[in-house]
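Engineer: In order, the protein sequences belong to chains F and Y.
Residue numbering for the first sequence follows the working numbering, starting at 1 and increasing by one per position.
Residue numbering for the second sequence follows the working numbering, starting at 115 and increasing by one per position.
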Amino acid sequence: GESVGLHLPTLSVQEGDNSIINCAYSNSASDYFIWYKQESGKGPQFIIDIRSNMDKRQGQRVTVLLNKTVKHLSLQIAATQPGDSAVYFCADQDPSGGSYIPTFGRGTSLIVHP
Amino acid sequence: DGGITQSPKYLFRKEGQNVTLSCEQNLNHDAMYWYRQDPGQGLRLIYYSQIVNDFQKGDIAEGYSVSREKKESFPLTVTSAQKNPTAFYLCASSYDGYNEQFFGPGTRLTVL
Chain F
1 GESVGLHLPT
11 LSVQEGDNSI
21 INCAYSNSAS
31 DYFIWYKQES
41 GKGPQFIIDI
51 RSNMDKRQGQ
61 RVTVLLNKTV
71 KHLSLQIAAT
81 QPGDSAVYFC
91 ADQDPSGGSY
101 IPTFGRGTSL
111 IVHP
Chain Y
115 DGGITQSPKY
125 LFRKEGQNVT
135 LSCEQNLNHD
145 AMYWYRQDPG
155 QGLRLIYYSQ
165 IVNDFQKGDI
175 AEGYSVSREK
185 KESFPLTVTS
195 AQKNPTAFYL
205 CASSYDGYNE
215 QFFGPGTRLT
225 VL
C-alpha cells in the first residue's frame, strides 16, 4: 500500500451525519474486499466485506460499494456516532497464486464531533 | 468464548536481546499472520502460515522468525538482527485465508 509521511488522511464529521470513507486499490485481479475498524491501541475489527460479483453490500448502519472499473471501494456509515471514531482500513485479496494475503491500505482516521 | 489472544500487551527489550511474542487462537482457523504497525502507518506483513508446520515470509521478514507447531499457536521471535523493532505487533487468524481476518489485541514492543 501507499506510505506517505506519518499523517493519515482524516475525515471529520458531526455526530448524526453520514460518513463516506474511500479506498483505491491497484490490483485488478483482486476479488475479495474487506473493511476493518481500528480503535486506538487495539487490534483491527472486521466491519463488512464484499466479493467481486457484487457492487453493493449493506450491514447494520454500514454500506460498502465496489466499483471494479475504477478500482475503488467506499464505506458509508449512516448516522455516525462518537463511538465510530477510529482508523478505518480497506484490504483487498487476489486469489491467484494460491496464497490469500490481503493488501491493506494506509487507513483513514474518522473523527466524530459530538 | 472463542478468540485470538496475544501476550504480553507491553514488552520492553534491551538492544541485542531476542524476544518472543505469543499468539494463540481457539477459533480452529488454519491461517495465521503476523503484522507490524508503525505510528500513522498501515499493516505490514511479517510472516504468515496457511497450515500447521508451514509458514512463508511476508514483506518484512528480515530479523524475525516464527514457528507453527500447533494449529492454535503462532509465536513470533524478534531477533537482535531486527534493526528497528520498536512497533505495535498484531497477530491475526483466518478460517481458510480467504475470509476476513480476526485480530488479536496487539503487543507493543519497545526497545530500550
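C-beta atoms are modelled at their ideal positions from N, C-alpha and C, and glycine is treated no differently.
Every value quoted in this text rests on a predicted model; they were computed, and no experiment measured them.
1) Just to confirm before moving on: does the CB-CB distance between ASN22 (chain F) and THR80 (chain F) stay below 8 Å?
2) Going along the chain, which residues of its own chain have a beta-carbon closer than 8 Å to the beta-carbon of ASP138 (chain F), five neighbours each way excluded?
3) So is PRO219 (chain Y) in contact with chain F if we call contact Cβ pairs under 8 Å?
4) Write down the C-beta distance between VAL225 (chain Y) and THR200 (chain Y) rounded to the nearest angstrom, noting that I regard them as a contact closer than 8 Å.
5) Buried or exposed for VAL70 (chain F), going by 16 or more other Cβ atoms inside 10 Å?
6) Does the beta-carbon distance from SER30 (chain F) to GLN93 (chain F) come in below 8 Å?
7) Distance check for GLN76 (chain F) and CYS205 (chain Y), CA to CA, integer angstroms please.
8) Can you tell me which of the three DSSP states ASP17 (chain F) falls into?
9) Give the interface partners of TYR134 (chain F) over in chain Y, defined as CB-CB distance under 8 Å, in chain order.
10) Using the rule of at least 16 other Cβ atoms within 10 Å of the residue's Cβ for burial, across every protein chain shown, is ILE47 (chain F) buried or exposed?
11) For a cutoff of 8 Å on Cβ pairs, would you count LEU157 (chain Y) as touching chain B?
12) For SER136 (chain Y), which of Y:ASN142, Y:GLU129, Y:MET146 and Y:GLY130 has the nearest alpha-carbon?
13) Buried or exposed, going by whether 16 or more other CB atoms sit within 10 Å of the CB of PHE126 (chain Y)?
14) Given a cut-off of 8 Å, decide if ALA91 (chain F) and GLN38 (chain F) are closer than it, judged by their beta-carbon atoms.
15) With DSSP as the reference, label PRO199 (chain Y) as helix, strand or coil.
16) Helix, strand or coil for PRO82 (chain F)? Go by DSSP, reduced to three states.
17) Tell me, please, which residues DSSP counts as bridged to THR108 (chain F).
Structural biologist: Looking at the coordinates:
1) no
2) Because chain F is modelled from 1 through 114, residue 138 (chain F) falls outside the range shown and cannot be assessed.
3) Under the 8 Å criterion on CB atoms, PRO219 (chain Y) is classed as interfacial with respect to chain F.
4) 5 Å
5) exposed
6) yes
7) Straight-line Cα distance between these residues: approximately 27 Å.
8) coil
9) The structure shown has nothing for residue 134 (chain F), since chain F only spans 1 to 114.
10) buried
11) Absent from the structure is chain B; the protein chains it does hold are F and Y.
12) Y:MET146
13) exposed
14) no
15) Coil at PRO199 (chain Y), not helix or strand.
16) helix
17) F:TYR88
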